[in-house]
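Just so you know, our numbering puts 479 at position 476 of the sequence shown, and the rest follows in order with no gaps. Even glycine gets a Cβ: it sits at the ideal position worked out from N, Cα and C. This report concerns only the one structure given below.
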Amino acid sequence: MYSLQILAGRAQMAENDRKHKKYTSKEEDIDSLDKEQDNDESVRKDYPVKEESEYDKSILIEPIEDKKETDKKTAKKKTNGSPIRSVLKKSMIGMEVEMFTLDENGNMANLADVLIKEVKKKYPLVGTAKEAGRSTIEIKSFPNEAISDTMEHLLEEMESVLICAEKENIRLFPLGTFPGSFTPDMRQDTPYLLKEQIFGKNRFLIAGRCVGLHIHYTLPWGVFDSKQKILKRLHRSKNQQTMVGSYNLLIAMDPALTTFMQSSPFYQGKYIGKDSRVIVYRGGSDFDYPQGLYANYYAFGALQPYKQTNTDMIDVIFRKYDEWKNIIQKIDMNLRVFSKHGSILDTTWNPVKVNAVGTLEQRGMDTNHPMYMTAAGALIKYILRYVEDENINVIPSDIGVAEPFKLEGNVMYIPPHTHVRKNLQRNAAYDGLDNREVYDYCKILLKLASQCIPKDKEVLLDPFRKIIDEKKTVSDEIIELAKKKGADLKETLPKSIVTEIALEHSGRLFKEIVLTKKMLHDLK
Numbered sequence: 004m005y006s007l008q009i010l011a012g013r014a015q016m017a018e019n020d021r022k023h024k025k026y027t028s029k030e031e032d033i034d035s036l037d038k039e040q041d042n043d044e045s046v047r048k049d050y051p052v053k054e055e056s057e058y059d060k061s062i063l064i065e066p067i068e069d070k071k072e073t074d075k076k077t078a079k080k081k082t083n084g085s086p087i088r089s090v091l092k093k094s095m096i097g098m099e100v101e102m103f104t105l106d107e108n109g110n111m112a113n114l115a116d117v118l119i120k121e122v123k124k125k126y127p128l129v130g131t132a133k134e135a136g137r138s139t140i141e142i143k144s145f146p147n148e149a150i151s152d153t154m155e156h157l158l159e160e161m162e163s164v165l166i167c168a169e170k171e172n173i174r175l176f177p178l179g180t181f182p183g184s185f186t187p188d189m190r191q192d193t194p195y196l197l198k199e200q201i202f203g204k205n206r207f208l209i210a211g212r213c214v215g216l217h218i219h220y221t222l223p224w225g226v227f228d229s230k231q232k233i234l235k236r237l238h239r240s241k242n243q244q245t246m247v248g249s250y251n252l253l254i255a256m257d258p259a260l261t262t263f264m265q266s267s268p269f270y271q272g273k274y275i276g277k278d279s280r281v282i283v284y285r286g287g288s289d290f291d292y293p294q295g296l297y298a299n300y301y302a303f304g305a306l307q308p309y310k311q312t313n314t315d316m317i318d319v320i321f322r323k324y325d326e327w328k329n330i331i332q333k334i335d336m337n338l339r340v341f342s343k344h345g346s347i348l349d350t351t352w353n354p355v356k357v358n359a360v361g362t363l364e365q366r367g368m369d370t371n372h373p374m375y376m377t378a379a380g381a382l383i384k385y386i387l388r389y390v391e392d393e394n395i396n397v398i399p400s401d402i403g404v405a406e407p408f409k410l411e412g413n414v415m416y417i418p419p420h421t422h423v424r425k426n427l428q429r430n431a432a433y434d435g436l437d438n439r440e441v442y443d444y445c446k447i448l449l450k451l452a453s454q455c456i457p458k459d460k461e462v463l464l465d466p467f468r469k470i471i472d473e474k475k476t477v478s479d480e481i482i483e484l485a486k487k488k489g490a491d492l493k494e495t496l497p498k499s500i501v502t503e504i505a506l507e508h509s510g511r512l513f514k515e516i517v518l519t520k521k522m523l524h525d526l527k
């Protein structure tokens, strides 16, 4: 399957590095940035309920200067066209990637527990975790300031997992959905049973048939209380306004990010759209897909409206928390189960969210090959860093429809959230780059990323440039292969083609890891 000897040698060197480095957990690493402000007691507990319509308005927001910060401004230096990072804060980026476990013949297999057990025995410091289905494994990276360091660590973890997979005759499948039909074996742990009761047994199976990539970016300094694990309620803070702008910007970027990363044209053997995972996972009226996982619980899993202020963000978080408690009570579930959540932030699964570890998390993308994960991380990292460094005011505006991500001075225009959610999101998922507006949207976002990233790191964006140049994503590659083999997209995908796709992409994973590591090494 893979070059076991090469992999084993690299994995052992990585394990030795892990033993000698004083790594902390992602939560501890990120939380350490806010220790000086942990004693703030301003987190609001009793926010008044507002009508949803109040959160569906796009308004212009002027940045409010923090008096303490105005005295701390440093001269902005330029290196290769990109601003040097401020010493006031180190923005880190972390990743979590979910993958399926297959047998040697390319069939879906419930082997995640076997693999995780072997990894923990051989490489106890490698970060793996269980997911809802027993055929899914999650691999985590430590957060680092440099995307290259984050990816190098993730690739080392993936290599270690591949070693153990080889021993157990298991393949890892790195795409958003398995192209064939299968019934996942869902875990019976209490948190999963809770969701199964809420969503319904058959609908909850969707969670076991979809895998994604989650990218974390540190919240601006001072806006997060790491003890309470909630946003702080601040006044006249430039950083809180930057956070709101970055949050809204990630929502605006979602249709482009999901297009670049799409790898799931087939779900249960049927072609639904270029990004079937997004359609079946989010569901609802935005996609005319009422059988989607979150179709009946839109607030918890759909791409959400923008927020106007920090107070709005906090208010919505608490309202969702209360709603989730009510749902649990209605199904007569013991609230002590609910209390095990470390933070009220752990009770929503929207594509963009504030995470309990003190990050903005983009969790809406398909799992894909390492080159694309690297490009996605670089794009998110350098655009958000640019917004922070240059104090960019992110403005929802009709200007953003015709000229998305347009920069004028310290203002960036993004489309109104209704256009992003009702038009771009839907067209991206169903048609991808075949839709002209989606293609242009992706191209413009990539151009913005190219302006924000240091010139000596632009190679990190090359996988996305190739997608734009060739007008072909991994989903398009899979569709092309299926058609070449005689598949009719209106019919169920034949098993022979399913296994061919599965074997090709699981076998390609090792090569992709090697090529990505070489690219990252050449940057140093």
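Fill in: Neighbour-count burial assignment, D257, 16 or more Cβ in a 10 Å radius
Buried: at least 16 other Cβ atoms inside 10 Å.
Item to complete: Under the assumption that P466 contacts Y324 (Cβ atoms under 8 Å), give the Cβ distance between them as a whole number of angstroms.
Response: In fact, because the Cβ distance is near 38 Å, the residues do not count as touching under 8 Å.
Worksheet entry | Residue closest to K458, alpha-carbon to alpha-carbon, out of P407, Y385, D472 | Per the Cα distances, Y385.
Practice prompt. Give the C-beta separation of K93 and E148 to the nearest angstrom, bearing in mind that I take them to be a contact with Cβ-Cβ under 8 Å.
Written response: The Cβ separation is near 5 Å, so the contact holds.
Worksheet item: Would M102 pass as a contact of L157 if the rule is Cβ separation under 8 Å?
Response: Between M102 and L157, the C-beta spacing is not below 8 Å.
Worksheet item: If you compare alpha carbons, which of T370, S240, A485, D318 is closest to M98?
Response: Measuring from the Cα of M98, the nearest candidate turns out to be T370.
Worksheet item: Going along the chain, which residues of its own chain have a beta-carbon closer than 7 Å to the beta-carbon of S288, five neighbours each way excluded?
Response: Closer than 7 Å at Cβ, skipping near neighbours: no residue.
Worksheet entry | Proximity winner among Q243, F269, G367, R285, relative to V355 (alpha-carbon distances) | Of Q243, F269, G367, R285, the residue nearest in Cα terms is G367.
Worksheet item: Just reading off the beta strand (DSSP E) that A3 is part of, what are its end residues?
Response: A question about residue 3 goes unanswered here, because the residues of the chain that appear run from 4 up to 527.
Worksheet item: Do you know how far the Cα of R239 is from the Cα of S266?
Response: Separation of S266 and R239 (C-alpha to C-alpha, rounded to the nearest whole angstrom) is 43 Å.
Item to complete: Answer yes or no: do G225 and N396 have a C-beta to C-beta separation smaller than 8 Å?
Response: Taking 8 Å as the Cβ cut-off, G225 and N396 do not qualify as a contacting pair.
Practice prompt. Using a threshold of 8 Å, state whether the C-beta atoms of H219 and T362 are closer than that.
Written response: Contact: yes.
Practice prompt. Given a cut-off of 8 Å, decide if F290 and N353 are closer than it, judged by their beta-carbon atoms.
Written response: Cβ atoms of N353 and F290: not closer than 8 Å.
Worksheet item: What are the partner residues of S1, as DSSP defines its beta bridges?
Response: Since the first residue of the chain shown is 4 and the last is 527, residue 1 is not available in this structure.
Worksheet entry | Sequence-distant residues of its chain with Cβ nearer than 6 Å to Y389 (five each side left out) | Here the set comprises C455.
Worksheet item: Which class does V355 belong to by DSSP, given the choice of helix, strand or coil?
Response: Collapsing the DSSP output to three states places V355 in a strand.
Discussion item. Between L463, T262, A298, G211, which has its C-alpha nearest A431's C-alpha?
Written reply: Closest by alpha carbon: T262.
Worksheet item: Since P399 sits in a beta bridge, which residues does DSSP pair it with?
Response: In the DSSP output, where bridge partners are listed per residue, P399 has I417.
Discussion item. Quick test of your reading: P182 and A505, contact by CB under 8 Å. State the CB separation rounded to the nearest angstrom.
Written reply: Right, their Cβ atoms sit about 7 Å apart.
Worksheet item: Do K277 and Y433 come within 8 Å of each other at the CB atom, strictly closer than that value?
Response: Going by C-beta atoms, Y433 is nearer than 8 Å to K277.
Discussion item. Quick check on DSSP: helix, strand or coil for V226?
Written reply: It is coil, neither helix nor strand.
Item to complete: Could you check what DSSP says for L363 in three-state terms: helix, strand or coil?
Response: L363 falls in the strand class under three-state DSSP.
Discussion item. Taking only three categories from DSSP, how would you classify P127?
Written reply: Taken through DSSP and simplified to helix, strand or coil, P127 comes out as coil.
Fill in: Check: L492 C-beta below 7 Å from any heavy atom of the ligand ADP
Questions concerning the ligand ADP fall outside what the structure shown contains, since it holds no ligand whatsoever.
Worksheet item: If you run the structure through DSSP and keep just helix, strand and coil, what is N313?
Response: If DSSP states are grouped into helix, strand and coil, N313 belongs with the helices.
Worksheet item: Helix, strand or coil: which one does DSSP assign to E141?
Response: The answer is strand: DSSP assigns E141 an E or B state.
Worksheet item: Is H524 buried or exposed, if buried means 16 or more other CB atoms sit within 10 Å of its CB?
Response: Exposed, since its Cβ has fewer than 16 Cβ neighbours within 10 Å.
Worksheet item: In this structure, does DSSP put G388 in helix, strand or coil?
Response: Residue identity differs from the one stated: residue 388 is Arg in this sequence, not Gly. The answer is helix: DSSP assigns R388 an H, G or I state.
Item to complete: Go ahead and label E494 buried or exposed: buried means 16 or more other beta carbons lie within 10 angstroms of its beta carbon, across all protein chains shown.
Response: Under this definition E494 is an exposed residue.
Discussion item. Alpha carbons only, please: which of P187, S499, K460 is nearest the one belonging to M522?
Written reply: The option with the nearest alpha carbon to M522 is K460.
Worksheet entry | Endpoints, beta strand (DSSP E) assigned at M161 | Boundaries around M161 are those of the alpha helix (DSSP H), 150 to 170, since no beta strand (DSSP E) includes it.
Worksheet item: According to the neighbour-count rule (16 or more other Cβ atoms, all chains shown, within 10 Å of its Cβ), is Q244 buried or exposed?
Response: Looking at its Cβ environment, which holds 16 or more other Cβ atoms inside 10 Å, Q244 is buried.
Fill in: Buried versus exposed, by CB contacts within 10 Å (16 or more), I481
Buried is the label assigned to I481, since at least 16 other Cβ atoms lie within 10 Å of its Cβ.
Worksheet entry | Proximity winner among R137, G295, L197, F269, relative to G211 (alpha-carbon distances) | Checked all of R137, G295, L197, F269; the closest Cα to G211 is R137.
Worksheet item: From which residue to which residue does the alpha helix (DSSP H) around E393 run?
Response: Note, E393: premise wrong, no alpha helix (DSSP H); not H, not E.
Worksheet item: Would C213 pass as a contact of V283 if the rule is Cβ separation under 8 Å?
Response: In this structure, V283 lies closer than 8 Å to C213 by Cβ.
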